[in-house]
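Report on the following structure.
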Amino acid sequence: MKIKQMKFKGAIIAISCLLFMSTVAIAQNGKSVSPTKNQTTDQAILQLGKPKNWVNDNEKIFTEAQIKNLSTLIRNFEARTGIEIAIATIPSTLVNTAQFDSFTLAIANSWGVGKKGKDNGILIGLSRSLRKIRINNGYGIEKLITDQETKQLISDYFISNFKEGNYYEGTLQGLTALQKLLDTKIKKRH
6 MKIKQMKFKG AIIAISCLLF MSTVAIAQNG KSVSPTKNQT TDQAILQLGK
56 PKNWVNDNEK IFTEAQIKNL STLIRNFEAR TGIEIAIATI PSTLVNTAQF
106 DSFTLAIANS WGVGKKGKDN GILIGLSRSL RKIRINNGYG IEKLITDQET
156 KQLISDYFIS NFKEGNYYEG TLQGLTALQK LLDTKIKKRH
(Lines of atoms letter the chains of each structure in order from A and count residues from 1; the text may use other names and numbers.)
(Lines give C-alpha, C1' and ligand atoms only; values in the text may rest on other atoms or scores of the structure.)
Protein backbone atom coordinates (compact mmCIF):
# COMPACT_ATOMS: atom_id res chain seq x y z
CA MET A 1 0.00 0.00 0.00
CA LYS A 2 1.43 3.34 -1.02
CA ILE A 3 0.96 6.05 1.55
CA LYS A 4 0.07 9.42 0.10
CA GLN A 5 -1.73 12.41 1.53
CA MET A 6 -5.39 12.51 0.64
CA LYS A 7 -8.29 14.74 1.53
CA PHE A 8 -11.41 13.23 3.02
CA LYS A 9 -14.72 14.91 3.43
CA GLY A 10 -15.63 14.61 7.07
CA ALA A 11 -19.34 15.10 7.45
CA ILE A 12 -21.09 14.53 4.15
CA ILE A 13 -19.83 11.21 2.85
CA ALA A 14 -18.47 9.67 6.01
CA ILE A 15 -21.30 7.70 7.52
CA SER A 16 -21.31 6.57 11.10
CA CYS A 17 -23.54 3.91 12.54
CA LEU A 18 -23.73 2.14 15.85
CA LEU A 19 -23.42 -1.57 15.45
CA PHE A 20 -26.10 -3.89 16.75
CA MET A 21 -28.38 -1.20 18.24
CA SER A 22 -28.74 2.53 18.47
CA THR A 23 -27.71 2.87 22.10
CA VAL A 24 -24.29 3.85 23.39
CA ALA A 25 -21.84 0.98 23.81
CA ILE A 26 -21.50 -0.09 27.41
CA ALA A 27 -18.23 -1.36 28.83
CA GLN A 28 -18.11 -4.63 30.72
CA ASN A 29 -18.26 -2.85 34.06
CA GLY A 30 -21.58 -1.30 33.05
CA LYS A 31 -20.24 2.24 32.69
CA SER A 32 -20.10 4.25 29.50
CA VAL A 33 -16.83 4.11 27.65
CA SER A 34 -14.81 7.15 28.73
CA PRO A 35 -12.21 9.15 26.84
CA THR A 36 -8.60 8.10 27.05
CA LYS A 37 -6.69 10.17 29.59
CA ASN A 38 -4.80 13.12 28.13
CA GLN A 39 -4.41 11.41 24.76
CA THR A 40 -4.69 13.45 21.61
CA THR A 41 -5.83 12.09 18.28
CA ASP A 42 -2.27 12.33 16.97
CA GLN A 43 -0.96 10.31 19.91
CA ALA A 44 -3.64 7.67 19.39
CA ILE A 45 -2.80 7.42 15.68
CA LEU A 46 0.88 7.03 16.58
CA GLN A 47 -0.09 4.25 18.97
CA LEU A 48 -2.13 2.64 16.19
CA GLY A 49 0.94 2.73 13.98
CA LYS A 50 1.51 2.93 10.27
CA PRO A 51 -0.64 0.73 8.04
CA LYS A 52 0.93 -2.66 7.50
CA ASN A 53 -1.35 -3.71 4.69
CA TRP A 54 -4.75 -2.89 3.24
CA VAL A 55 -6.28 -4.53 6.33
CA ASN A 56 -5.00 -3.42 9.74
CA ASP A 57 -6.63 -5.58 12.37
CA ASN A 58 -5.74 -3.90 15.64
CA GLU A 59 -8.53 -5.68 17.52
CA LYS A 60 -7.51 -9.14 16.32
CA ILE A 61 -10.97 -9.80 14.89
CA PHE A 62 -9.80 -11.65 11.77
CA THR A 63 -7.59 -14.67 11.19
CA GLU A 64 -4.44 -14.33 9.07
CA ALA A 65 -6.20 -16.15 6.21
CA GLN A 66 -9.15 -13.73 6.42
CA ILE A 67 -6.81 -10.71 6.41
CA LYS A 68 -5.03 -12.14 3.38
CA ASN A 69 -8.31 -12.69 1.54
CA LEU A 70 -9.63 -9.17 2.26
CA SER A 71 -6.25 -7.66 1.30
CA THR A 72 -6.20 -9.60 -1.98
CA LEU A 73 -9.69 -8.35 -2.88
CA ILE A 74 -8.65 -4.77 -2.13
CA ARG A 75 -5.31 -5.05 -3.98
CA ASN A 76 -7.01 -6.51 -7.08
CA PHE A 77 -9.69 -3.80 -6.99
CA GLU A 78 -7.04 -1.08 -6.67
CA ALA A 79 -5.08 -2.54 -9.60
CA ARG A 80 -8.22 -2.53 -11.76
CA THR A 81 -9.77 0.81 -10.74
CA GLY A 82 -7.08 2.85 -8.97
CA ILE A 83 -9.39 3.20 -5.95
CA GLU A 84 -7.70 2.43 -2.64
CA ILE A 85 -9.67 0.90 0.22
CA ALA A 86 -8.22 0.38 3.68
CA ILE A 87 -9.79 -1.42 6.62
CA ALA A 88 -8.84 -0.60 10.20
CA THR A 89 -10.19 -2.22 13.33
CA ILE A 90 -9.87 0.18 16.23
CA PRO A 91 -9.65 -0.89 19.87
CA SER A 92 -11.48 1.03 22.59
CA THR A 93 -8.13 1.58 24.33
CA LEU A 94 -7.32 4.24 21.72
CA VAL A 95 -10.61 6.07 21.35
CA ASN A 96 -14.04 6.31 22.92
CA THR A 97 -17.45 6.26 21.29
CA ALA A 98 -17.71 10.06 21.07
CA GLN A 99 -14.29 10.33 19.40
CA PHE A 100 -14.70 7.44 16.97
CA ASP A 101 -15.97 9.35 13.93
CA SER A 102 -13.31 12.05 14.04
CA PHE A 103 -10.65 9.45 14.79
CA THR A 104 -11.43 7.40 11.68
CA LEU A 105 -11.28 10.55 9.56
CA ALA A 106 -7.91 11.40 11.11
CA ILE A 107 -6.65 7.88 10.33
CA ALA A 108 -7.76 8.19 6.69
CA ASN A 109 -5.91 11.47 6.32
CA SER A 110 -2.84 10.39 8.28
CA TRP A 111 -2.45 7.15 6.33
CA GLY A 112 -3.11 8.89 3.03
CA VAL A 113 -5.55 6.32 1.67
CA GLY A 114 -6.11 7.08 -2.01
CA LYS A 115 -4.16 8.65 -4.83
CA LYS A 116 -2.91 12.19 -4.30
CA GLY A 117 -4.86 14.60 -6.45
CA LYS A 118 -7.61 12.06 -7.10
CA ASP A 119 -8.72 11.74 -3.47
CA ASN A 120 -10.09 8.33 -4.35
CA GLY A 121 -9.61 6.50 -1.08
CA ILE A 122 -12.00 4.82 1.30
CA LEU A 123 -11.33 3.91 4.91
CA ILE A 124 -13.60 1.38 6.57
CA GLY A 125 -13.09 1.87 10.30
CA LEU A 126 -14.76 -0.52 12.68
CA SER A 127 -14.58 -1.31 16.35
CA ARG A 128 -16.06 -4.46 17.79
CA SER A 129 -15.42 -3.23 21.33
CA LEU A 130 -17.16 0.11 20.72
CA ARG A 131 -19.78 -1.42 18.43
CA LYS A 132 -19.25 1.22 15.76
CA ILE A 133 -18.46 1.40 12.08
CA ARG A 134 -17.71 4.35 9.85
CA ILE A 135 -16.88 4.56 6.17
CA ASN A 136 -14.87 7.62 5.17
CA ASN A 137 -14.94 8.36 1.44
CA GLY A 138 -12.45 10.72 -0.19
CA TYR A 139 -13.68 13.70 -2.18
CA GLY A 140 -13.18 11.76 -5.42
CA ILE A 141 -15.37 8.91 -4.20
CA GLU A 142 -18.21 11.21 -3.23
CA LYS A 143 -18.68 11.87 -6.96
CA LEU A 144 -19.45 8.17 -7.41
CA ILE A 145 -21.52 7.10 -4.42
CA THR A 146 -23.96 8.96 -2.22
CA ASP A 147 -24.32 9.16 1.55
CA GLN A 148 -27.49 7.09 1.28
CA GLU A 149 -25.79 4.36 -0.73
CA THR A 150 -22.96 4.19 1.80
CA LYS A 151 -25.41 4.08 4.70
CA GLN A 152 -27.39 1.30 2.97
CA LEU A 153 -24.23 -0.80 2.49
CA ILE A 154 -23.39 -0.42 6.17
CA SER A 155 -26.88 -1.46 7.21
CA ASP A 156 -27.41 -4.30 4.74
CA TYR A 157 -24.03 -6.01 4.88
CA PHE A 158 -21.87 -4.91 7.77
CA ILE A 159 -24.32 -4.41 10.63
CA SER A 160 -26.64 -7.26 9.70
CA ASN A 161 -23.70 -9.70 10.00
CA PHE A 162 -22.03 -7.99 12.96
CA LYS A 163 -25.22 -8.42 14.99
CA GLU A 164 -24.67 -12.17 14.69
CA GLY A 165 -20.99 -11.87 15.64
CA ASN A 166 -19.91 -12.52 12.04
CA TYR A 167 -17.30 -9.80 11.63
CA TYR A 168 -15.40 -11.38 8.79
CA GLU A 169 -18.54 -12.27 6.82
CA GLY A 170 -19.95 -8.78 7.33
CA THR A 171 -16.71 -7.12 6.30
CA LEU A 172 -16.29 -9.41 3.30
CA GLN A 173 -19.89 -8.93 2.12
CA GLY A 174 -19.75 -5.17 2.75
CA LEU A 175 -16.44 -4.80 0.93
CA THR A 176 -17.66 -6.88 -2.01
CA ALA A 177 -20.91 -4.90 -2.25
CA LEU A 178 -18.97 -1.61 -2.07
CA GLN A 179 -16.66 -2.71 -4.87
CA LYS A 180 -19.58 -3.85 -7.04
CA LEU A 181 -21.35 -0.53 -6.49
CA LEU A 182 -18.21 1.39 -7.43
CA ASP A 183 -17.69 -0.78 -10.53
CA THR A 184 -21.27 -0.06 -11.62
CA LYS A 185 -20.85 3.68 -11.07
CA ILE A 186 -17.52 3.76 -12.92
CA LYS A 187 -19.05 1.93 -15.92
CA LYS A 188 -21.94 4.40 -16.04
CA ARG A 189 -19.50 7.32 -16.19
CA HIS A 190 -17.67 5.89 -19.21
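In case it helps, the numbering used here puts the sequence shown at residues 6 to 195.
From the three backbone atoms N, C-alpha and C, an ideal C-beta is built for every residue, glycine too.
Burial state of residue i, where buried means 16 or more other Cβ atoms lie within 10 Å
| i | result |
| --- | --- |
| G175 | buried |
| T68 | exposed |
| K73 | exposed |
| L99 | buried |
| T102 | buried |
Span of the alpha helix (DSSP H) around residue i
| i | result |
| --- | --- |
| E64 | Careful: E64 lies outside any alpha helix (DSSP H) and carries neither H nor E. |
| A103 | That residue, A103, is in no alpha helix (DSSP H); it is neither H nor E in DSSP. |
| I50 | T46 to L53 |
C-beta contact flag for residue i and residue j at 8 Å
| i | j | result |
| --- | --- | --- |
| A182 | L128 | no |
| N141 | L177 | no |
| Y144 | I66 | no |
| L149 | K190 | yes |
Collapsed DSSP secondary structure at residue i in the structure displayed
| i | result |
| --- | --- |
| E174 | helix |
| I150 | coil |
| I138 | strand |
| G145 | helix |
| K193 | helix |
| L78 | helix |
DSSP beta-bridge partners of residue i
| i | result |
| --- | --- |
| T94 | D62 and L131 |
| G126 | E89 |
| G179 | For G179, which the question treats as bridged, DSSP gives no partner whatsoever. |
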